[in-house]
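Structure, as structure tokens:
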Amino acid sequence: MNKRSFAKKPLYRQVNTRTHGVRHGGGHARWDRNTKAAGSAHASKMKSGVRHGLDYTPLYKFLLKKVGQPWSEVHSEAVSRLPDEDPIWYIVASAGSVREPIYRTGESSYLSGLYLNETAHLALVVPSLSNNMLWPKCACCTHSFNGTPFVNSFDPSRADDMFRVLSEWHRTGAIRT
Ligand SMILES: [Zn+2]
């Protein structure tokens, strides 16, 4: 990694990975969207928030804290603390793209989907979506929502609930539990 100096702490951490098959450059591939990848609970071996050997957990915490703020300010600060801005657009829906209520950033780490509202402020796609609406897909992994462990424990009869809640949102635009 080349050395960079930032006015503030960078919004990523370097991870010691010797992972085979890690691709560098051309990083426009989106992370799996939870809803479509829901067939297997263990579809991805990716660690939480880790991509190309960089862990963007600090970026996602930063963005979630900036909900309601003018995007121009949030964006320019984020960009100044990142090697490139691609990871921003993994959880922020750019203008005209599909807004997802939730993104999966690792095997079982989920984040609120974000978008830019009419007044160009950072906003949650589904403000009413909360941790207690989400149910683990398996018993073996620690599931988290916005960095906080799920409050619900694994229950085989509810393992598909997250998929159900999200697909209902796509159909009706409403979250019902
Ligand atoms: Zn598991």
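For my numbering, count along the sequence shown from 1 and bump the result up by 40. Heads up, the beta-carbon is just placed ideally off N, CA and C, and yes, glycines get one too.
- The secondary-structure analysis by DSSP pairs V132 across a beta bridge with L154.
- Exposed is the label assigned to P189, since fewer than 16 other Cβ atoms lie within 10 Å of its Cβ.
- Exclusion of the five residues before and after Y155 leaves V132, A133, R139, A163, V165 as the residues of its chain whose Cβ lies within less than 7 Å of its Cβ.
- Per the C-alpha coordinates, the member of D126, F102, G108 positioned closest to E117 is F102.
- Cα atoms of N186 and P50: separation of roughly 19 Å, rounded to the nearest angstrom.
- Taking C-alpha positions only, F194 is separated from N172 by approximately 12 Å.
- Excluding five sequence positions before and after P176, the CB atoms of its chain that fall closer than 6 Å to its own CB belong to H183, F190, F194, given in chain order.
- In the DSSP annotation of this structure, the continuous segment of the beta strand (DSSP E) that includes R144 starts and ends at 142-144.
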